[in-house]
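Here numbering that gives the first Met the number 0 is used: the first residue of the sequence shown is 0, the next is one more, and so on. Don't be surprised by glycine CBs; every beta carbon is placed ideally from N, CA and C. To start, the structure under review is shown below, and the notes come after it.
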Amino acid sequence: MQRKAENANGQFITFSTQKTALSQTHLNGQRIKKPLSERVHKDVTGKAVMQRDLFSAYLSRFVNEDQLLWESAARQYSGTEPSLVDATEAL
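Written out as structure tokens, the structure is:
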């Protein structure tokens with residue numbers, strides 16, 4: 000993946016999935032552990048219902064030095080939601 004990102008003039012950034020817990024985090028910053036078999040993320044704010052990995056990928060855009068900037072993710076979510084919903088429906 001790193002090579003593909005760099006070939007496309009993109010960046011490849013690694014971070015701790017344990018520290019960020021993206022698949023457990025909601026748009027209000029709350030973390031709720033769920034089993035791996037639960038593949039749909041239902042955000043406690045009611046704003047997001049989508050495939051778990053897709054929502055985690057969205058949140059990953061807001062990770063800086065192993066810290067999830069969830070407030071930024073929540074602020075920008077409404078502008079990104081249509082694309083995420085389309086991607087969820089395509090899955």
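Helix, strand or coil for residue i, going by three-state DSSP, please let me know.
i: residue 24; result: strand
i: residue 30; result: strand
i: residue 10; result: coil
Quick test of your reading: residue i and residue j, contact by CB under 8 Å. State the CB separation rounded to the nearest angstrom.
i: residue 85; j: residue 18; result: 30 Å between Cβ atoms; not a contact.
i: residue 21; j: residue 49; result: No, residue 21 and residue 49 are not in contact; Cβ-Cβ is about 13 Å, not under 8 Å.
i: residue 61; j: residue 72; result: 4 Å
CA-CA distance, residue i and residue j?
i: residue 63; j: residue 10; result: 13 Å
i: residue 8; j: residue 40; result: 31 Å
i: residue 26; j: residue 33; result: 16 Å
i: residue 45; j: residue 16; result: 24 Å
Suppose contacts are defined by Cβ-Cβ distances below 8 Å. Is residue i in contact with residue j by that definition?
i: residue 24; j: residue 58; result: yes
i: residue 53; j: residue 87; result: yes
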